[in-house]
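> My questions all concern the structure below.
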Amino acid sequence: MKGLINFFKGIAVGIATLVPGVSGGTMSIILGIYDNLIHSISSFFQDWKKNLLFLGEVALGGLLGMACFSSLLENALIRYPYVMKFFFMGVIFGGLPILYKKAETSKDNGSGIVYFVIGAVLVLAMSSQPTAVTTLATSTGILSIIFLFIAGIIIAVALILPGISGSFMLLALGLYDVTLNAINTFNVPFLIPLALGVFVGTVATTKTIEKLLQKHPRKTYMLILGFILGSLVEVYPGIPAYGEVAASIVAAIVGFILIFWMSKKEFQSEN
0 MKGLINFFKG
10 IAVGIATLVP
20 GVSGGTMSII
30 LGIYDNLIHS
40 ISSFFQDWKK
50 NLLFLGEVAL
60 GGLLGMACFS
70 SLLENALIRY
80 PYVMKFFFMG
90 VIFGGLPILY
100 KKAETSKDNG
110 SGIVYFVIGA
120 VLVLAMSSQP
130 TAVTTLATST
140 GILSIIFLFI
150 AGIIIAVALI
160 LPGISGSFML
170 LALGLYDVTL
180 NAINTFNVPF
190 LIPLALGVFV
200 GTVATTKTIE
210 KLLQKHPRKT
220 YMLILGFILG
230 SLVEVYPGIP
240 AYGEVAASIV
250 AAIVGFILIF
260 WMSKKEFQSE
270 N
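Numbering-wise, numbering that gives the first Met the number 0 puts 236 at position 237 of the sequence shown, and it's gapless, one number per residue.
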């Protein structure tokens with residue numbers, strides 16, 4: 000039963016990863032699997048069977064979420080941008096109370112306010128940068144492969160750090176549209192070097208984060224909280240059009256209640 004729950008949580012993380020401004024790391028924290036993901040990746044060989052099973056459940060869900068919902072999500076964001084963005088804002092807000100409680104119940108000293116501010120400022124600074132004009136050549140030459148590998152490493156950092164959207168990083172690198180198209184058309188020559196870069200970047204980043212969570216949990220959680228709140232500026236689409244106000248508000252409320260309830264249950268089961 001737990002494996003099935005992890006699978007569905009993976010689907011949610013995969014879907015969130017596709018939305019510009021919404022972080023897969025944020026979604027995994029909200030759903031209560033972030034710490035386990037970090038530990039399973041960084042300490043994989045300490046108990047590889049258990050870690051492989053957990054990562055397989057989440058990864059399979061994530062891949063399925065991206066493969067099955069990329070086209071649907073792309074169309075929904077085009078047709079109902081305010082409703083969808085407000086729903087994701089509700090989802091993010093719904094996970095914040097439990098994350099703050101995690102920070103407050105940590106045992107290390109200090110309020111962590113400075114780290115919260117640093118996290119928010121970093122994400123705000125990144126989201127204020129103009130989108131890069133870099134575009135990927137359609138050729139399968141060595142330069143294209145190297146570029147995709149390096150881009151994958153950069154994207155991995157964004158995927159692991161909550162509040163920094165992997166999709167936003169794709170936009171900044173000029174790869175968002177072409178990556179969605181590659182997923183929809185299963186363009187293997189494009190996806191393999193990108194995926195290898197993501198793998199290498201993920202392993203390197205998770206080891207650093209796990210050490211921080213072990214030695215400075217409160218400060219790390221407050222930094223993450225700053226990342227997430229700072230990312231809301233990128234997610235917020237502006238005031239909805241008159242005909243979408245009610246639907247956008249309802250979507251935000253539904254997102255908040257759903258994730259608050261799920262994250263509260265997860266927090267209670269951990270304590």
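Glycine included, every Cβ here is placed at the ideal spot set by N, Cα and C. Here the structure is a predicted model, which is why all the values come from computation and not from measurement.
Between which two residues does the alpha helix (DSSP H) holding P236 run?
Per DSSP, P236 belongs to no alpha helix (DSSP H) and is neither H nor E.
> Kindly indicate which three-state DSSP category Y79 falls into: helix, strand or coil?
coil
> When the distance is taken between beta carbons, is G225 closer than 8 Å to I117?
yes
> Tell me the DSSP secondary structure of H215 in three-state form.
coil
> Which residues in the same chain as P236 place their Cβ atom closer than 7 Å to its Cβ, once the five residues preceding and following it in sequence are excluded?
P80, Y81 and K84
> CA-CA distance, I10 and E56?
10 Å
> Is the distance from the Cβ of I149 to the Cβ of G165 below 8 Å?
no
> If you draw a straight line from the alpha carbon of G229 to that of F146, how long is it in whole angstroms?
Going by the C-alpha atoms only, they are around 29 Å apart.
> If distances are taken between C-alpha atoms only, which option among G2, G23 and S27 comes closest to M261?
S27
> With C-beta atoms as the reference, is L193 less than 8 Å away from G151?
yes
> Taking Cβ positions, are I159 and T219 nearer each other than 8 Å?
no
> Identify the continuous alpha helix (DSSP H) that holds M26 and give its terminal residues.
G23 to I29
> Thinking just about the alpha-carbon of each residue, which of V202, S70 and I238 is nearest to the one in F43?
V202
> If you check the beta carbons only, do E209 and I32 fall under 8 Å apart?
no
> G111 to P188, Cα distance in whole Å?
44 Å
> Taking contact to mean at least 3 C-beta pairs separated by less than 8 Å, is the segment 86–93 in contact with the segment 251–260?
yes
> With respect to the alpha helix (DSSP H) encompassing Y33, which residues constitute its N-terminal and C-terminal limits?
Y33 to S41
> Might you give, ordered along the chain, the residues of its own chain that have their beta carbon closer than 8 Å to the beta carbon of K1, omitting 5 neighbours on each side?
So no residue of the chain qualifies.
> Is the beta carbon of L212 less than 8 Å from the beta carbon of D46?
Not a contact, by the Cβ cut-off of 8 Å.
> Please report the straight-line C-alpha distance between I77 and K214, rounded to a whole angstrom.
43 Å
> Can you grab the Cα-Cα spacing for the pair E233 / A251, in whole Å?
16 Å
> Alpha carbon to alpha carbon, what distance is there between T178 and T16?
Rounded to whole angstroms, T16 to T178 spans 12 Å at the Cα level.
> Using C-beta distances below 6 Å, list every residue in its chain close to F68, excluding the 5 sequence neighbours before and after it, in chain order.
I14
> Taking the CB atoms as reference points, tell me whether V253 and G64 lie closer together than 8 Å.
Between V253 and G64, the gap from beta carbon to beta carbon reaches 8 Å or more.
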